[in-house]
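**Q** Take this structure, written in structure tokens, and hold onto it; I'll ask about it next.
There are 2 protein chains.
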Amino acid sequence: MSVEIERKFLVLGSGWKALGQGVAIRQGYLSTNPDRVVRVRIEDDAATLTIKGRTNGITRGEWEYAIPLAEADQLLNDLCERPLIEKTRTRILHEGMVWEVDEFFGDNLGLVVAEIELDSEEQAFSRPDWIAEEVTDDARYFNANLLRHPFSAW
Amino acid sequence: MSVEIERKFLVLGSGWKALGQGVAIRQGYLSTNPDRVVRVRIEDDAATLTIKGRTNGITRGEWEYAIPLAEADQLLNDLCERPLIEKTRTRILHEGMVWEVDEFFGDNLGLVVAEIELDSEEQAFSRPDWIAEEVTDDARYFNANLLRHPFSAW
Numbered sequence: 001m002s003v004e005i006e007r008k009f010l011v012l013g014s015g016w017k018a019l020g021q022g023v024a025i026r027q028g029y030l031s032t033n034p035d036r037v038v039r040v041r042i043e044d045d046a047a048t049l050t051i052k053g054r055t056n057g058i059t060r061g062e063w064e065y066a067i068p069l070a071e072a073d074q075l076l077n078d079l080c081e082r083p084l085i086e087k088t089r090t091r092i093l094h095e096g097m098v099w100e101v102d103e104f105f106g107d108n109l110g111l112v113v114a115e116i117e118l119d120s121e122e123q124a125f126s127r128p129d130w131i132a133e134e135v136t137d138d139a140r141y142f143n144a145n146l147l148r149h150p151f152s153a154w
Numbered sequence: 001m002s003v004e005i006e007r008k009f010l011v012l013g014s015g016w017k018a019l020g021q022g023v024a025i026r027q028g029y030l031s032t033n034p035d036r037v038v039r040v041r042i043e044d045d046a047a048t049l050t051i052k053g054r055t056n057g058i059t060r061g062e063w064e065y066a067i068p069l070a071e072a073d074q075l076l077n078d079l080c081e082r083p084l085i086e087k088t089r090t091r092i093l094h095e096g097m098v099w100e101v102d103e104f105f106g107d108n109l110g111l112v113v114a115e116i117e118l119d120s121e122e123q124a125f126s127r128p129d130w131i132a133e134e135v136t137d138d139a140r141y142f143n144a145n146l147l148r149h150p151f152s153a154w
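Chains as they are written, first to last, in the UniProt record's numbering: chain A, 1 to 154; chain B, 1 to 154.
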């Protein structure tokens, strides 16, 4: 298990797009129960099966396993809950830290969020000028919740 | 994905116990949704994460991944639905085919079932004399269902 400490923010404008190269992500869920989320993800040509425990503050247990791409494709096509989530992830280096900016498509078109992974809950970091309000604790933005309550319906 | 074709039977008496060596299995579920079951299992000192699709007749899609034992232990202790399932599995060779006899403990104490894995739905096989009625299609005997409706409550 790794412990995932992430903070999530809304994003201003589209100027961030010039700062990195986006990669396509397609993901789906075998469980969206917040006590035991099970996610299948294909990013570029790599596939993972990820298990996440309940979030405690901004800390969350996470177990991740690489799986064959073809099997991830089967799981996404045949087994995962509908709809799948499709987004483009752009990694942007800012003052020594990596920001991951996710631009959503489909039912979540128009939603753009940026995440930063920290080593501790107290770690300081610099906010790029394209970062807006923090939504770490807003459950609407959990990817698993974007399935049933997509951004377009807010 | 492999396709799992199994038939499941009740078991008569305890004479079968002399025919093989039992190994301890401890397993739990991250999802018991019959469309996308996600199981964590420790058998002896090997751990697996297994995903199963919906059963069609006696055929079921199955994806299985080996995971580190210590991580399986974390998942069982911290994340899986309660209760866990504990059973002893005894593999018995009978006329060239392997039967797996599962003897349950805890809330399912008293339940003993035997499974045989086939290459096709039509494949013929010989029934040992300790095999009783078939329960392949009886959902009560699905391991995932034995959590919420254990044998002791039938």
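Virtual Cβ for every residue (Gly too), placed ideally from N, Cα, C.
Take M1/A and list the residues in its own chain whose beta-carbon comes closer than 6 Å to its own, dropping the five residues that flank it on each side.
**A** Translated into positions along the first sequence, residue 1/A becomes position 1. Same-chain partners within the cutoff: G61 and W63.
**Q** When Cβ atoms are compared, which residues of the UniProt domain "CYTH" (2-148) of chain A fall closer than 8 Å to chain B?
**A** Answer in chain order: L30, S31, N33, D35, R36, V38, L49, I51, G53, G61, W63, Y65, I67, E71, Q74, L75, D78, L79, C80 and E81.
**Q** When you compare the CB positions of K52/B and V135/B, do they come within less than 8 Å of one another, or not?
**A** What you label residue 52/B is simply residue 52 of the second sequence in a count that begins at 1. What you label residue 135/B is simply residue 135 of the second sequence in a count that begins at 1. With contacts defined as CB atoms closer than 8 Å, K52/B and V135/B fail to qualify as a contacting pair.
**Q** Quick one: what does DSSP say A132/A is sitting in, helix, strand or coil?
**A** Position 132 of the first sequence holds residue 132/A. A132/A falls in the strand class under three-state DSSP.
**Q** At a cut of 8 Å, does the segment 89-101 of chain A reach the segment 74-91 of chain B through at least three beta carbon pairs?
**A** no
**Q** How far does the beta strand (DSSP E) with A144/A in it extend, from its first residue to its last?
**A** Residue numbering aside, residue 144/A sits at position 144 when the first sequence is read from its first letter. From DSSP, A144/A is part of no beta strand (DSSP E); its letter is neither H nor E.
**Q** Quick one: what's got a C-beta closer than 8 Å to E151/B's C-beta in the same chain, skipping five residues either side?
**A** In the second sequence, counting from the first residue as 1, residue 151/B sits at position 151. According to the sequence displayed, residue 151/B carries Phe and not Glu. Counting only Cβ-Cβ distances below 8 Å, and skipping sequence neighbours, we find F104, D107, N108, L109, G110 and L111.
**Q** Which whole-angstrom value describes the C-beta separation of Q27/A and I116/A, a residue pair presumed to lie in contact below a C-beta threshold of 8 Å?
**A** The residue you call residue 27/A lines up with position 27 of the first sequence. The residue you call residue 116/A lines up with position 116 of the first sequence. Contact doesn't hold; Cβ gap of about 20 Å is too wide.
**Q** Can we say the segment 115-130 of chain A touches the segment 95-103 of chain A, given the rule of at least three CB pairs closer than 8 Å?
**A** A contact exists between the segment 115-130 of chain A and the segment 95-103 of chain A.
**Q** Would you tell me roughly how many angstroms separate the C-alpha atoms of A18/A and L30/B, rounded to the nearest one?
**A** Sequence index remark: in the first sequence, residue 18/A carries index 18 (1-based). Sequence index remark: in the second sequence, residue 30/B carries index 30 (1-based). Rounded to the nearest angstrom, the two C-alpha atoms are 40 Å apart.
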